[in-house]
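Numbering-wise (numbering that gives the first Met the number 0), the sequence shown opens with residue 0 and increments by one.
We put the beta carbon where it would ideally sit given N, CA and C, even for glycine.
A quick write-up on the structure given underneath.
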Amino acid sequence: MSGADTYRRIEFTPWPEALAQSYRAQGLWAGKPLSDIIDRHCSSEATALICGQRHISYARFSQLTDQLAAGLSASGLGPGDTALVQLPNIAEFYLLFFALLKAGIAPVNALYSHQRLELTAYAAQLKPSLLIASRGHRLFSDDVFIEELQEIAPPLRQTVLLSEQTQIENLADLVSINRADHFAPVAASEVAFFQLSGGSTGTPKLIPRTHDDYYYSIRRSAEICELSAASRYLCALPAAHNYPLSSPGSLGIFYAGGTVVMAPDPEPLHCFSLIEQHAVTMTALVPSAVTLWLQAAAGRQQPLQTLKLLQVGGASFAPALAQQVPSRLGCALQQVFGMAEGLVNYTRLHDSAEKIFTTQGYPMSDADEIRIIDPETGAMAADGETGMLLTRGPYTFRGYYRAAEHNADAFTAEGFYSSGDLVRRDGDGYLTVVGRVKDQINRGGEKIAAEEIENLLLKHPQISAAALISVADDRLGEKSLACVVSRDPALKAVALRKYLRTLGIADYKLPDKFRLLKTLPLTAVGKTDKKTLRRMMAEQAKVGDEALS
Ligand code: J2J
């Protein structure tokens, strides 16, 4: 066993020592590894996880993850190593996640919608020793991309590819070790894994999360949502996303000893049948999925009887829609405003209907510090005034992984993280999200960093300037519009989309619309004036101007 002081550490920006000590003294940081979430139930035969026909008990979960971790350790991987993981919503996602944590290997869980560019960016930053992916994904149907990854990340030492047929029992064969005494998890104050930032910059950024900070956010979320062993959660959003993972998400449910039911995606009819079949009590959705659920529920004879709570978050949720949830879905609503960087706000279960329908709640912890400032002057905003949200606290990170320059902008000198959201706080401390200052499009909860797409468009030989902006959309809240300046008047949207796809970006990042402009409006310092551009595009949309087709 390697001692706590001998293993290789993964670097991250620590909290100042005095604050860390106070978080420990208050019991917020409990000094336990995330694997305790499962292992605290290791003698329970209760069902932890349902995936298709498979029911996995806590005892089996704990044992399998021990075996897998031992296998990983025996193959020479351990603390200091990182893993690039990309799996769909299947049981193996959690089994491997906990196995990696037990072995002290820090994973980054890419979304299943991510493609070559995103995975390459993560690999280039982390230099992972291990790749875990699915043969069902178009990137991994053959070995071409794996070879590419080998070149980017020379230390890639192991690859585990899951096929449709691979189930965890075979995985345990794969590592064929039955002893669990090989591994030594890292200290709880160290990095457990990396979350993904929605981002606003050219390269996707990674968020180191420690065992201590993440475990606290899960315990506190489970408490706020009043989870118990009777809670049955449908995981219909991408399992790797921070929201269904930790707010309170599947990890909150495991912590409470409840049951997680996997759904491949939020498609309402399949989800409704899983809810009925497995007596699901709660789930989490983004607003665009709620619209589909409300429509589908209208065609049903009876409500979903077991469903007690629907959480909605990830993007702005219109009060008019929020109001329809209790009557049309027959369950309570909880709004969740969170971020992979840390801070999560909840409306509370016993709040008034007005707060639940019109606000995004308030921070989960008394130790969360919030500042709302005027983006121009930096002055504190009064209650009721809109300002930029800054936050620090026991589960809000202190720096993106190896991104000193960006961190200098993203944090104040006092360590407050600037989320880029524009919010308003009412007299009771409840926050309402009213907009954002970060250059990001929130497409139904999926975040697109404008700069990332603009940089790719600028690589096109016929494009001399590009700007990605959001346009309002009834279903998704926002869609993306790419305004491009080109010498070629015959440039077609379909060709540009194809071009971006060949560069290897996730489909949700492909611009929904394109417009060809002679020039882009510029600010006094010569940057693209997106405010003016947005106004121009909104006016043109009104007169029905044709988009590039
Ligand atoms: C408006 N905007 C919201 C909301 C997030 C729980 C819930 C969501 C996320 C998440 C998460 C919003 N109304 N209710 O990690 O644990 C926008 C804000 C925020 C950004 C973060 C969680 N809830 N947003 O969505 O890292 O702009 O996390 O800063 O993907 O989503 O995005 P992300």
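If you draw a straight line from the alpha carbon of residue i to that of residue j, how long is it in whole angstroms?
i           : j           : result
residue 379 : residue 73  : 54 angstroms
residue 81  : residue 190 : 10 angstroms
residue 1   : residue 493 : Low confidence applies to residue 1: its pLDDT is 41, below 50, so where it sits in the model is not reliable enough to give any reading.
residue 97  : residue 64  : 6 angstroms
residue 274 : residue 303 : 7 angstroms
residue 538 : residue 306 : 43 angstroms
residue 230 : residue 143 : 43 angstroms
residue 204 : residue 411 : 18 angstroms
residue 106 : residue 125 : 9 angstroms
residue 455 : residue 27  : 43 angstroms
residue 452 : residue 465 : 9 angstroms
residue 339 : residue 91  : 22 angstroms
residue 534 : residue 319 : 26 angstroms
residue 99  : residue 38  : 14 angstroms
residue 200 : residue 403 : 13 angstroms
residue 241 : residue 109 : 11 angstroms
residue 147 : residue 195 : 22 angstroms
residue 271 : residue 46  : 20 angstroms
residue 253 : residue 60  : 10 angstroms
residue 224 : residue 33  : 19 angstroms
residue 36  : residue 523 : 53 angstroms
residue 24  : residue 414 : 20 angstroms
residue 52  : residue 164 : 13 angstroms
residue 486 : residue 515 : 10 angstroms
residue 298 : residue 50  : 27 angstroms
residue 268 : residue 12  : 44 angstroms
Looking at residue i and ligand 1, is the gap between the Cβ and the nearest heavy atom below 7 angstroms?
i           : result
residue 108 : no
residue 420 : yes
residue 363 : no
residue 246 : yes
residue 315 : yes
residue 454 : no
residue 242 : yes
residue 334 : yes
residue 414 : no
residue 324 : no
residue 444 : yes
residue 338 : yes
residue 432 : yes
residue 312 : yes
residue 424 : no
residue 251 : no
In three-state DSSP terms, what is residue i?
i           : result
residue 383 : coil
residue 119 : helix
residue 524 : coil
residue 42  : coil
residue 475 : coil
residue 106 : strand
residue 254 : helix
residue 338 : strand
residue 241 : helix
residue 331 : strand
residue 62  : helix
residue 465 : strand
residue 418 : strand
residue 410 : strand
residue 388 : strand
residue 279 : coil
residue 426 : coil
residue 360 : coil
residue 249 : helix
Assuming residue i contacts residue j under a Cβ cut-off of 8 angstroms, what Cβ separation, rounded to an integer in Å, is found between them?
i           : j           : result
residue 6   : residue 103 : 7 angstroms
residue 446 : residue 197 : 3 angstroms
residue 371 : residue 422 : 6 angstroms
residue 440 : residue 467 : 7 angstroms
residue 245 : residue 217 : 5 angstroms
residue 342 : residue 367 : 6 angstroms
residue 228 : residue 256 : 4 angstroms
residue 87  : residue 111 : 5 angstroms
residue 132 : residue 62  : About 25 angstroms; that fails the 8 angstroms criterion.
- Report yes or no: do three or more beta-carbon pairs, one from the stretch 201-220 and one from the stretch 259-277, lie closer than 8 angstroms? no
- Query: Is it true that the stretch 307-315 meets the stretch 232-248, where meeting means three or more beta-carbon pairs spaced less than 8 angstroms apart?
  - Reply: yes
- Message: Check whether the stretch 392-402 and the stretch 321-329 touch, using three or more Cβ-Cβ pairs below 8 angstroms as the test.
- Response: no
- Are there three or more Cβ pairs, one per stretch, closer than 8 angstroms when the stretch 136-147 is compared with the stretch 273-287? no
- Query: Is it a yes or a no for the stretch 495-514 touching the stretch 103-118, going by three-plus beta-carbon pairs under 8 angstroms?
  - Reply: Counting Cβ pairs under 8 angstroms, three or more are found: they touch.
- Could you say if the stretch 506-522 and the stretch 478-490 meet the contact criterion of at least three C-beta pairs nearer than 8 angstroms? Cβ pair count under 8 angstroms is three or more, so yes.
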